[in-house]
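Asker:
Number of protein chains: 2
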Amino acid sequence: MATIKDVAKHAQVSTSTVSHVLNKTRYVSEEITEKVKAAVELLNYTPSALARSLKLKNTRTFGMLVTTSINPFFAEVVKGVERRCYEQGYNLLLCNTEGNFERLRFNIDMLLQKRVDGLLLMSDELVNQNIDIFERHDPVPTVVMDNGDTGFPTDKIQDNAYKGGLIATQYLIDNGHTKIGCIRGPIDKPTAKKRYAGFEQAMHEANLNINSDWVEISNFECEDAAIAFKKLYQKGELPTAIFVCNDMMAMGVINAANSLGLSIPDDLSIIGYDDIKIARYMTPSLTTIHQSKFNLGQQAFDTLLDKIQTKRESDLEIQLEPTLVERSSVKNLLL
Amino acid sequence: MATIKDVAKHAQVSTSTVSHVLNKTRYVSEEITEKVKAAVELLNYTPSALARSLKLKNTRTFGMLVTTSINPFFAEVVKGVERRCYEQGYNLLLCNTEGNFERLRFNIDMLLQKRVDGLLLMSDELVNQNIDIFERHDPVPTVVMDNGDTGFPTDKIQDNAYKGGLIATQYLIDNGHTKIGCIRGPIDKPTAKKRYAGFEQAMHEANLNINSDWVEISNFECEDAAIAFKKLYQKGELPTAIFVCNDMMAMGVINAANSLGLSIPDDLSIIGYDDIKIARYMTPSLTTIHQSKFNLGQQAFDTLLDKIQTKRESDLEIQLEPTLVERSSVKNLLL
DNA sequence: GGTGAATATTTAAGCGCTTATAATATATAA
DNA sequence: TTATATATTATAAGCGCTTAAATATTCACC
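In the order they appear, the protein sequences are chains A and B. Each number in this note's numbering corresponds to the 1-based position in the first sequence with 639 added. Each number in this note's numbering corresponds to the 1-based position in the second sequence with 639 added.
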């Protein structure tokens with residue numbers, strides 16, 4: 640593989656001149672520029688970003704940690720990040736933690752050895768774990784995309800989960816529902832907690848009781864939500880509406896309800912959360928809380944880039960506001 | 640940031656000794672090993688993979704190009720690759736082409752500058768385009784995960800799309816359907832072509848006519864498939880079953896059919912292709928052709944790794960066999 | 001023609017590693 | 001005791017780049 644030296648030799652100039660014409664870092668005469676370019680062409684020269692990075696101390700690469708990129712929610716956020724990377728000439732090293740803390744540690748180690756310029760963390764495993772990894776290394780610019788407490792200072796960008804839960808529940812109430820259930824996320828995940836807190840608050844404000852038979856805990860996945868719903872179903876009387884705390888679970892619930900002979904929204908109304916791309920194409924189309932995942936991704940990237948470029952010391956905290964998307968999975972009981 | 644020199648100085652040994660204890664590349668006495676490890680601990684030393692790679696001429700990083708990682712099919716394949724990367728201590732640089740050839744070129748350029756050890760290509764933009772990019776650079780071990788002709792020699796790993804189309808259609812026929820339509824993928828995509836060819840063959844073998852009113856071309860996405868179905872619907876008589884050439888399109892079709900007042904599978908049977916994770920949770924659960932995306936990803940990784948480790952010159956071509964997954968979206972007319 | 005300023009190019013050090021080779025200390029045999 | 005083999009560690013070159021400093025060249029002006 641040709642190096643800058645080979646190019647220099649062929650063009651009969653010094654390596655520094657080659658470097659300067661390649662990077663346009665200072666004036667080089669027309670004649671020499673041409674010679675260099677010809678040599679580059681001839682030798683199929685491709686500069687080594689490795690050597691360059693070693694010298695420059697930056698890699699134009701970000702590392703991103705995600706619980707599982709297979710989940711449409713994460714996938715859409717990653718896409719937003721990746722898009723911005725492309726636009727800004729960065730690359731993305733993507734790692735899944737698959738819910739495994741050891742894997743998180745290992746991946747962060749590798750990313751730091753590869754000297755990524757920054758880190759994007761969207762992995763729950765992080766939260767409330769001892770982050771000695773970050774103490775062990777020099778601090779890398781980081782932005783966390785999660786609602787949890789991280790235990791170390793960092794930029795944070797997140798959806799206003801509390802408000803989202805509130806809006807979702809209020810919408811059900813506004814449609815005349817009073818018997819309202821909830822299939823929520825894990826007890827220990829801050830995002831799940833906040834969405835549920837919004838639910839509680841809305842119920843409280845409307846002077847409605849929360850029937851504990853109608854509250855199930857699940858894990859944000861299709862499969863388990865279907866199971867959770869069946870459990871709820873077997874307890875006897877059904878609520879008329881359920882706030883299912885993310886769209887993937889809503890999909891599982893709709894499927895389970897259907898196979899139990901329930902028609903949505905006629906027998907049971909469902910509202911989801913996230914507005915993943917496929918929500919619109921569920922049957923029935925899912926009414927849900929929209930959070931802009933693409934934006935979340937882009938903003939996270941921009942925040943990170945800003946931190947690096949401006950060497951900002953302070954930590955930013957950005958909240959995105961969720962909005963309601965009305966589709967066909969909630970029945971209006973007042974009509 | 641501490642370097643190997645700092646560690647050496649603190650441990651009062653040479654850098655070469657430090658390197659050897661870190662990499663276990665030769666015997667170092669117990670005593671000195673301890674001293675080195677203590678210094679590493681003390682200084683929070685993290686070796687620079689950059690410098691290491693520059694010297695060693697390998698990065699333990701693969702680049703992967705994907706049309707769009709948001710598509711569940713791609714996402715699942717990527718996940719398989721990523722899993723394997725983790726297991727083998729590799730990292731993945733993920734790039735989306737978003738259907739843009741310029742972006743493909745640019746990304747490949749970046750990946751090669753970053754000196755990835757290998758390339759995984761699962762991007763349609765590639766096919767039949769002039770791949771001067773690969774001529775311009777030294778050859779990088781590459782595996783293509785697509786049915787298309789690449790125009791340059793490479794390992795290839797793909798699903799037997801023709802057979803999949805055949806199986807899907809035969810299943811509809813075996814269930815008593817004779818009026819069968821197809822919503823297929825783009826004319827110019829080899830995968831789409833092969834799936835459709837399987838459809839044609841099955842129809843032919845069963846002496847069934849293909850009604851051109853019942854064949855629509857779409858683009859493997861929800862949105863457009865919904866539109867395509869509506870077009871088909873407006874033409875008059877409906878088929879009793881449709882082979883929809885991937886699951887995402889099937890989701891769009893089911894949704895569209897529903898909003899037109901059609902019940903699936905009672906009024907219309909649908910079979911999909913891919914068996915993406917959410918297929919089971921569609922309403923009704925989607926009968927489809929399973930191709931092992933996770934396997935596809937893992938095999939692609941393994942093939943690439945093998946190519947590198949064994950310096951294999953010849954090109955491998957692996958076909959994965961699709962299988963039928965029976966669920967609830969196809970009605971048996973014979974009962 | 002000689003001078004200094006401005007312009008254009010080269011030299012060489014260094015980024016943080018690995019590793020072939022050299023050097024040194026220690027053990028063994030003659 | 002000396003020569004030789006063995007075990008352990010150090011020296012130094014080089015991977016492919018960037019860039020400060022040094023050098024060479026051009027040119028205006030007296």
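For each residue, glycine too, the CB sits at the ideal point set by N, CA and C. Bear in mind the structure is a predicted one, so any value in this text is a computation, not a measurement.
Answer yes or no: do HIS816(A) and ALA880(A) have a C-beta to C-beta separation smaller than 8 Å?
Answerer: It is a contact, given that the beta carbons lie within the stated cut-off.
Asker: How about ASP794(B) and ASP954(B): do their beta carbons lie closer than 8 Å?
Answerer: A contact, by the Cβ cut-off of 8 Å.
Asker: Using beta carbons (cut-off 8 Å, strictly below), is GLU721(B) in contact with chain A?
Answerer: Yes, contact with chain A.
Asker: What is the rounded straight-line gap between the Cα of SER653(A) and the Cα of VAL646(A)?
Answerer: Cα to Cα, the separation comes out at about 9 Å.
Asker: Excluding five sequence neighbours on each side, which residues of the same chain lie with their C-beta closer than 7 Å to the C-beta of ILE796(B)?
Answerer: Contacts found: VAL782, MET784, LEU935, GLN938, ALA939, THR942 and ILE957.
Asker: Closest to LYS874(A) by CA distance: which of PHE882(A), TRP853(A), PHE859(A) and ASN885(A) is it?
Answerer: Answer by Cα proximity: TRP853(A).
Asker: Step through the CB atoms of chain B and report whether any lies within less than 8 Å of the CB of PRO686(A).
Answerer: By this cut-off, PRO686(A) is an interface position.
Asker: Taking the straight line between their C-alpha atoms, what separation do you get for VAL883(A) and ASP763(A)?
Answerer: Using only the alpha carbons, I get a separation of about 19 Å.
Asker: Does the distance from the C-beta atom of ALA714(A) to that of ALA714(B) stay below 8 Å?
Answerer: In contact: ALA714(A) and ALA714(B) (Cβ atoms closer than 8 Å).
Asker: At which residues does the alpha helix (DSSP H) containing PHE933(B) begin and terminate?
Answerer: PHE933(B) -> alpha helix (DSSP H) spans 932-949.
Asker: For GLU839(B), which option in ASP863(B), SER857(B) and ILE812(B) has the closest C-alpha, if you only look at C-alpha atoms?
Answerer: Closest by alpha carbon: ILE812(B).
Asker: Compare the C-beta of ALA800(B) against all C-beta atoms of chain A and say whether one is closer than 8 Å.
Answerer: Judged by the 8 Å Cβ criterion, ALA800(B) is not in contact with chain A.
Asker: Taking the alpha carbon of LEU805(B) as the point to measure from, which residue in THR926(B), SER898(B) and GLU844(B) has its own alpha carbon closest?
Answerer: Comparing Cα-Cα distances from LEU805(B) to each of THR926(B), SER898(B) and GLU844(B), the minimum goes to GLU844(B).
Asker: Any C-beta of chain B sitting closer than 8 Å to the C-beta of PRO792(A)?
Answerer: No - not a single Cβ of chain B is within 8 Å of the one on PRO792(A).
Asker: Does the Cβ-Cβ distance between LEU693(B) and LEU689(A) come in under 8 Å?
Answerer: Cβ atoms of LEU693(B) and LEU689(A): closer than 8 Å.
Asker: Return the CA-CA distance between LEU901(A) and SER967(B), expressed in angstroms with no decimal places.
Answerer: So the alpha carbons of these two residues sit roughly 16 Å apart.
Asker: Using a Cβ-Cβ cutoff of less than 6 Å, which residues in the same chain neighbour ARG754(A) once the five nearest sequence positions on both sides are dropped?
Answerer: Once the five neighbours on either side are set aside, the close Cβ partners of ARG754(A) are THR698.
Asker: Strictly below 8 Å CB to CB, what residues from chain A border CYS884(B)?
Answerer: Those do not exist, as CYS884(B) stays about 16 Å from chain A at its closest Cβ, beyond 8 Å.
Asker: So what does DSSP say about VAL969(B), is it helix, strand or coil?
Answerer: Of the three classes helix, strand and coil, the one that applies to VAL969(B) here is coil, per DSSP.
Asker: Using the Cα positions of GLU669(B) and LEU733(A), report the straight-line distance between them to the nearest angstrom.
Answerer: Computed Cα separation, rounded: 38 Å.
Asker: Taking Cβ to Cβ, would you say ASN735(B) is nearer than 8 Å to VAL705(B)?
Answerer: Result yes, Cβ atoms of ASN735(B) and VAL705(B) sit closer than 8 Å.
Asker: Consider the Cβ of ALA714(B): report whether some Cβ of chain A lies at a distance smaller than 8 Å.
Answerer: By this cut-off, ALA714(B) is an interface position.
Asker: Counting only C-beta atoms, is ARG823(A) closer than 8 Å to chain B at any point?
Answerer: By this cut-off, ARG823(A) is not an interface position.
Asker: Taking a cut of 8 Å between CB atoms, which residues from the stretch 908-929 of chain B lie near chain A?
Answerer: Residues LYS916, ILE917, ARG919, TYR920, MET921, THR922, PRO923 and SER924.
Asker: From the DSSP output, in three-state form, read off MET640(A) for me.
Answerer: Note: MET640(A) maps to coil in three-state DSSP.
Asker: In whole angstroms, give me the CA-to-CA distance for SER655(B) and GLU960(A).
Answerer: Distance between the alpha carbons of SER655(B) and GLU960(A) is about 55 Å.
Asker: Would you mind sorting ASN662(B) into buried or exposed? The rule is 16 or more other CB atoms within 10 Å of its CB.
Answerer: Exposed, since its Cβ has fewer than 16 Cβ neighbours within 10 Å.
Asker: My parser needs the beta strand (DSSP E) runs of 3 or more residues fully inside the stretch 826-891 of chain B; what are they?
Answerer: Entirely contained in the stretch 826-891 of chain B, the beta strand (DSSP E) runs reaching 3 residues are, in chain order, 854-856 and 880-883.
Asker: Extract the residue ranges of the alpha helix (DSSP H) inside the stretch 664-694 of chain B, only unbroken runs of 4 or more that lie entirely within it.
Answerer: Runs of the alpha helix (DSSP H) inside the stretch 664-694 of chain B: 669-682.
Asker: Who are the neighbours of GLY891(A) on chain B, taking C-beta pairs under 9 Å?
Answerer: Here the neighbours are TYR920.
Asker: Using only the heavy atoms of the ligand ZN, determine whether one of them is closer than 7 Å to the beta carbon of THR962(A).
Answerer: Because no ligand of any kind appears in the structure shown, any question about the ligand ZN cannot be addressed here.
Asker: Quick check: is the beta carbon of MET749(A) nearer than 8 Å to any beta carbon in chain B?
Answerer: Yes, MET749(A) counts as interfacial toward chain B.
Asker: Can you pull the chain B neighbours of ARG742(A), defined as C-beta to C-beta under 7 Å?
Answerer: Within 7 Å Cβ-Cβ: TYR725.
Asker: Who are the Cβ neighbours of ASP914(B) in its own chain at under 6 Å, not counting the five residues just before and after it?
Answerer: If we look at ASP914(B) and ignore the five residues flanking it on each side, its Cβ neighbours are THR927, HIS929 and VAL964.
Asker: Looking at LEU847(B) and LEU877(B), is the spacing between their C-beta atoms short of 8 Å?
Answerer: No, the Cβ-Cβ distance between LEU877(B) and LEU847(B) is not below 8 Å.
Asker: For ASP756(A), count neighbouring Cβ atoms within 10 angstroms of its own Cβ and tell me buried if that reaches 16, exposed if not.
Answerer: By the neighbour-count rule (16 or more Cβ atoms within 10 Å), ASP756(A) is buried.
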